[in-house]
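A short write-up of the structure that comes next.
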Amino acid sequence: MKQWVSVFRAADTAARLHVHQRRKGSAQEPYINHLLEVASLVTQATGGTDPHAVIAALLHDAIEDQGATEAVIASEFGRQVANIVMEVTDDKSLPKDERKRKQVENAPRKSRKAKLIKLADKTSNVRAVTHSPALGWPVKRRLEYIDWAKEVVEGLRGTSPWLEQQFDDAADQAVRSLNPPMAGV
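Per the numbering used here, residue 12 is the first one in the sequence shown, and the count goes up by one each step.
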């Protein structure tokens, strides 16, 4: 029971950290919606048995996007959660192309909990490409994002068949939405 209290504390912390952040998509939804979707996917993938993974899912962008520190996360939510968050945090000092390359390269070496969060994160992001694409992203850029996300997910396979299927369904739907069938074909 105590661990699930921590889940709600993490949701509150995430909401406060990301209070002014919006998704890049045309709907400009509050960023907490993404964090809650990722946490919900992780909860479902684990059957609700892993509160540490859910807490880390809620906080997965806190360091990268909001400047929270590993020490604060460890102090508030424990070393295990901080380690998972660090494992899914990109090094923003690197150029974007290198960060993307490292995600593909490092995916197979992540812990199971980090892989779950990465799968859920990529699923949420690909769903956003379908339903609320980033402003100014032409079809080509959206397709490139989906292809890159598929590369990352290839290195995460074998972690959660259910979550992998969620990603595959989201990617298929995103591609179909960008390549509608031609009339009469």
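Beta carbons are placed, not taken as given, at the ideal position from N, Cα and C, and that holds for glycine.
What residue from P149, G36, V18 has the CA that sits closest to L47's CA?
-> In the sequence shown, counting from the first residue as 1, residue 47 sits at position 36. Taking only the C-alpha atoms, the option nearest L47 is V18.
Under 8 Å between the Cβ atoms of A73 and L146?
-> Here residue 73 refers to the residue found at position 62 of the sequence shown. Here residue 146 refers to the residue found at position 135 of the sequence shown. Their beta carbons are not under 8 Å apart, which means A73 does not touch L146 by this criterion.
Are the beta-carbon atoms of A85 and A93 separated by less than 8 Å?
-> The sequence position of residue 85 within the sequence shown is 74, counting from 1. The sequence position of residue 93 within the sequence shown is 82, counting from 1. Contact flag set, yes.
CA nearest to the CA of A25, picked from V65, S171, K107 | Taking the first residue of the sequence shown as position 1, residue 25 is located at position 14. Nearest C-alpha to A25: V65.
Whole-Å CB distance - D101 paired with R110, under 8 Å assumed | Along the sequence shown, one-based indexing puts residue 101 at 90. Along the sequence shown, one-based indexing puts residue 110 at 99. Confirmed, about 5 Å.
For S37 versus S143, is the C-beta spacing smaller than 8 Å?
-> Working through the sequence shown from its first residue, we reach residue 37 at position 26. Working through the sequence shown from its first residue, we reach residue 143 at position 132. Their beta carbons are under 8 Å apart, which means S37 touches S143 by this criterion.
Expected contact under 8 Å - CB spacing of V53 and L127 to nearest Å | As a first step, residue 53 is located in the sequence shown; it is residue number 42 there, counting from the start. As a first step, residue 127 is located in the sequence shown; it is residue number 116 there, counting from the start. With a Cβ gap of about 5 Å, V53 and L127 count as contacting.
Could you check what DSSP says for A168 in three-state terms: helix, strand or coil?
-> Against the sequence shown, residue 168 aligns to sequence position 157. It should be noted that the sequence gives Arg, not Ala, for residue 168. Coil, per DSSP.
Using 10 angstroms around the beta-carbon of T60, count the other beta-carbons present and answer buried if the total reaches 16, otherwise exposed.
-> Within the sequence shown, numbered from 1, the residue matching residue 60 stands at position 49. It is exposed - the Cβ of T60 has fewer than 16 other Cβ atoms within 10 Å.
Quick one: what's P106 bridged to in DSSP?
-> Against the sequence shown, residue 106 aligns to sequence position 95. Beta-bridge pairing links P106 to no other residue.
Flag this pair as yes or no: are the beta carbons of L154 and L130 separated by less than 8 Å?
-> Along the sequence shown, one-based indexing puts residue 154 at 143. Along the sequence shown, one-based indexing puts residue 130 at 119. No, the Cβ-Cβ distance between L154 and L130 is not below 8 Å.
Using the Cα positions of Q14 and T170, report the straight-line distance between them to the nearest angstrom.
-> As a position in the sequence shown, residue 14 is number 3, starting the count at 1. As a position in the sequence shown, residue 170 is number 159, starting the count at 1. Those two C-alpha atoms are separated by around 23 Å.
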